[in-house]
Each structure stands twice: as structure tokens, then as C-alpha cells.
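Chemist: Take a look at this one; I'll ask things after.
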Amino acid sequence: MPELPEAEVVRRGVDRAARGRTVTALLLGRDRATRRDPDPASLPALVTGRRVESVDRVGKVLVVDLWAGPGARPDGVERDVLVVHLGMSGQLRTARTGDDRPAHTHVVWVLDDGTELRFVDPRTFGHVARSTAPPGGRPAALAHLGPDALDELDPAALAAAFAGRRVAVKARLLDQTAVAGLGNIYADEVLFRAGISPLRAAGSVRTVEVDRLAAAIPEVLTAAIAAGGSTLGDGGYVDVDGRTGRYQAEHRVHARAGQACPDCAAPITRVRLGGRTASWCPRCQR
DNA sequence: AAGCACACCTGCTAGC
DNA sequence: TGCTAGCAGGTGTGCT
């Protein structure tokens, strides 16, 4: 479910709830949620007693920075972090300690103020794992990700990601090693706003088109964050307080096959592309 | 070696 | 009403 805007809305909620708090216990449920960690059994000992210094984001992945305290962390020290990937169906939810936990709660951070943070993930494509990060840098576990679509992408970086690639431009946008943060919803939306067909070979996109796309990406992502993200029909995405997003009302093409294009009124088409569904306007997008 | 299919899961919906 | 097939926001692996 969550793409960059949803991850960012969740990040802000986790930051509000957990930054500065000390973790008094880490409870692990289903093993699969920690399958990417080198030694899941030792995670509670690693995390318990640590203070949440910051909650960051790279692409769709959240980074919870933990410091053993008690004082401020000195500069220049390698950081222990937990990376949290929400996968298709993952949620992070805050609640009072003692409240009933929903089904599919796989990881619980018990905090020192009587609240807890829960990782809930029915489809179990998400995960929680430890990593380490250099001062001010990215965790080692996220080294493979390309530039963050909101914070690190510029026209030159996007052009470099496309150069010489014969793969469809939408598939390239979904490749997290090329650009980190776009998923199926926002890839459809940014291509529409840039007037580019999702089926075009990435390497065939001209400079002027790359520039339009590089401008559309932060515009769409910023607007989506401001609207609290996108919650599609199944209601799967909610923020830490259980609130749904509102950006789905602004979608121009995603999941609107058969409806009229908002710009030209031609019917929006859906095609199968790399095992996913792409929605686009064949008249506006060339 | 880029690009592709597939596996990994659960839940919901559309259709019979 | 009840069953089943198909589909869903993602990504790591292994094949060609």
C-alpha cells in the first residue's frame, strides 16, 4: 500500500508519538516480520532501554534511530537504527498500552509514556530489521536504493536513471534502485501530469520530457502528503491514528480505467505492464 | 547483464 | 447463500 507519501505521513505520526521516548519493551509476534534481520531473537535486547532519537524516511522505508542515552548522542558516532518497510499492507499504529491489539500485530514497541507503537501487517510483505548508519548518512541496509523521489531527485539524476534503458519508463520509475519512493499509484499519476506514456522505453524519454517529469514528481508527492496520502477502495492505508488519506480524490488516472480523462475526456486505458496494472490516457500521454 | 516471471501472503470482491 | 477465481499499494530471487 504505502508509497512515499503514505510513508511520510506515517513517519510524521511516529515522530510525534515516539521521538524522545524510551522503549521499555519490544514484543515480537510472527517471525516472518523480522526475517530480514540477522538475529531476530536479539532484537528486544538491542532495542529495550534505548531512546528514539529521530524518525526518518528513505523512499518508502522508515528509519527509527535509537540511542542508548542517557545524554545527547555525540557527533560522529555510528547509529543503530531499525528500518521499517510497510510492504503492501503494513501499518504503524499508536495505542494505549493495554488496549486490544488488532489481528496481524507482529511487532510492538512499548514506550515509557503508557503508549505503544504497533506494526500490523496482514500480508506480511513488510518487515522490521536492524541496520547501522554513518553520522548523517543512510543505513547500510538501504544503500541499494536510488535517490529519494522527494528529497534527492533532480532532472540530472532522473536523466541518469533513464539513460540507455530499454525497459518501459513506468517500470523504471517503479525500480527502487533507480528512484526510491514511487509505487504504482504515483508512477501512474506523475506520468500523466508529464504527458508521457508509461509504455515508452525509459531511454527514449527526451530531455524536455525528463524535465517535466522531474517537476511533476515533487508536485504530486507534496500534494499527496498534504492530503494525508491515498487510501484506495480496500481501505488498507491509514496513518498512525487510523485516519484514511484523501488524495485518492485527486487521482487523475490511477485505477480510473474506463472513466473520462480529466483533461481530454478520452477514456482512460489500463494495460498490463511488468505484472502490474498501468492506467493512462492514450491521448494525453505520448 | 538488463529485463522478465515468479514467489511470497492475506483479504476482499465480482461473478457464477 | 456460498464457493472460487482473480486482484491488490511491493520487492527479492533466480532464470534467460
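Residues in the first sequence are numbered consecutively from 7, following my numbering.
Note that CB positions come from ideal geometry on N, CA and C, so glycine has one too.
Roughly how many whole angstroms lie between the Cα atoms of Val-196 and Leu-219?
Modeler: Between the alpha carbons of Val-196 and Leu-219 lies a distance of about 7 Å.
Chemist: Between Arg-38 and Arg-292, what straight-line distance do the alpha-carbon atoms span, to the nearest angstrom?
Modeler: When only Cα atoms are considered, Arg-38 and Arg-292 end up about 43 Å apart.
Chemist: When DSSP labels each residue in this structure, what does Thr-54 get in the three-state scheme?
Modeler: Three-state result, Thr-54: coil.
Chemist: Give me, in chain order, the residues of the same chain whose beta-carbon lies closer than 7 Å to that of Ala-261; leave out the 5 immediate sequence neighbours on both sides.
Modeler: Leu-238, Ser-285
Chemist: On the DSSP bridge assignment, give the partners of Thr-250 in chain order.
Modeler: Bridge partners of Thr-250: none, in fact.
Chemist: Just confirm the distance between the C-beta atoms of Ala-232 and Leu-123, as a whole number of angstroms; I'd bet it's less than 8 Å.
Modeler: That pair is no contact at about 24 Å.
Chemist: So, with DSSP's three-state summary, where would you put Asp-173?
Modeler: Position check: residue 173 holds Val in this sequence, whereas Asp was assumed. Reduced to three states, the DSSP call for Val-173 is coil.
Chemist: Rank Arg-102, Gly-132, Pro-108 by C-alpha distance to the C-alpha of Asp-118 and give the top, closest one.
Modeler: When only C-alpha atoms are compared, the closest one is Arg-102.
Chemist: Inspect the beta-carbon positions of Leu-88 and Ala-13 and report whether they are closer than 8 Å.
Modeler: Pairing Leu-88 with Ala-13 gives a Cβ-Cβ distance that is not under 8 Å.
Chemist: Is Val-244 helix, strand or coil when you go by DSSP?
Modeler: coil
Chemist: Going by Cα to Cα distance, which pick from Arg-276, Leu-227, Thr-283, Leu-32 is closest to Ala-125?
Modeler: Per the sequence presented here, residue 125 reads as Phe, with Ala not at that position. It is Leu-32.
Chemist: Within 10 angstroms of the Cβ of Ala-109, are there 16 or more other Cβ atoms? Answer buried if so, exposed if not.
Modeler: exposed
Chemist: Can you tell me which of the three DSSP states Thr-283 falls into?
Modeler: strand
Chemist: Here's a check: name, in chain order, each residue in its chain whose Cβ is nearer than 8 Å to the Cβ of Tyr-243, leaving out the five neighbours to either side.
Modeler: Met-7, Pro-8, Glu-12, Gln-97, Gly-235, Ser-236, Thr-237, Thr-250, Gly-251
Chemist: Within 10 angstroms of the Cβ of Gln-265, are there 16 or more other Cβ atoms? Answer buried if so, exposed if not.
Modeler: exposed
Chemist: Excluding the five sequence neighbours on either side, which residues of its own chain have a C-beta within less than 7 Å of the C-beta of Ser-203, listed in chain order?
Modeler: Answer for Ser-203: Trp-286, Gln-291, Arg-292, listed in chain order.
Chemist: Over what stretch of residues does the alpha helix (DSSP H) that includes Leu-219 continue unbroken?
Modeler: Its alpha helix (DSSP H) spans residues 213–232.
Chemist: For Pro-46, does the three-state DSSP call read helix, strand or coil?
Modeler: DSSP places Pro-46 in the helix class (H, G or I) of the three-state scheme.
Chemist: Any contact of the segment 210–219 with the segment 160–170, i.e. 3+ C-beta pairs under 8 Å?
Modeler: yes
Chemist: Tell me where the alpha helix (DSSP H) around Val-116 begins and ends.
Modeler: Unbroken run through Val-116 is the beta strand (DSSP E), 111–117; no alpha helix (DSSP H).
Chemist: Going by the CB atoms, is the gap between Ala-193 and Ala-222 shorter than 8 Å?
Modeler: At least 8 Å separates the beta-carbon of Ala-222 from that of Ala-193.
Chemist: If Ala-135 and Ala-147 are in contact, beta carbons under 8 Å, what's the gap, nearest whole angstrom?
Modeler: Separation of the CB atoms of Ala-135 and Ala-147 is rounded to 6 Å, and the pair is thereby assigned contact status at 8 Å.
Chemist: Going by Cα to Cα distance, which pick from Pro-224, Val-259, Arg-27 is closest to Ile-191?
Modeler: Val-259
Chemist: Could you check which residue in Arg-206, Val-226, Phe-198, Ala-162 has the C-alpha nearest to that of Arg-172?
Modeler: Arg-206
Chemist: Beta strand (DSSP E) containing Ala-135: first to last residue?
Modeler: 133–139
Chemist: DSSP on Arg-144, reduced to helix/strand/coil?
Modeler: coil
Chemist: Check the DSSP bridge columns for Arg-296 and list the partner residues they point to.
Modeler: Since the first residue shown for the chain is 7 and the last is 292, residue 296 is missing from the structure and cannot be characterised.
Chemist: Please name the residue in Leu-279, Gln-182, Arg-41, Pro-140 whose C-alpha comes closest to that of Phe-131.
Modeler: Arg-41
Chemist: Mapping the DSSP letters down to three states, classify Ala-39 as helix, strand or coil.
Modeler: helix
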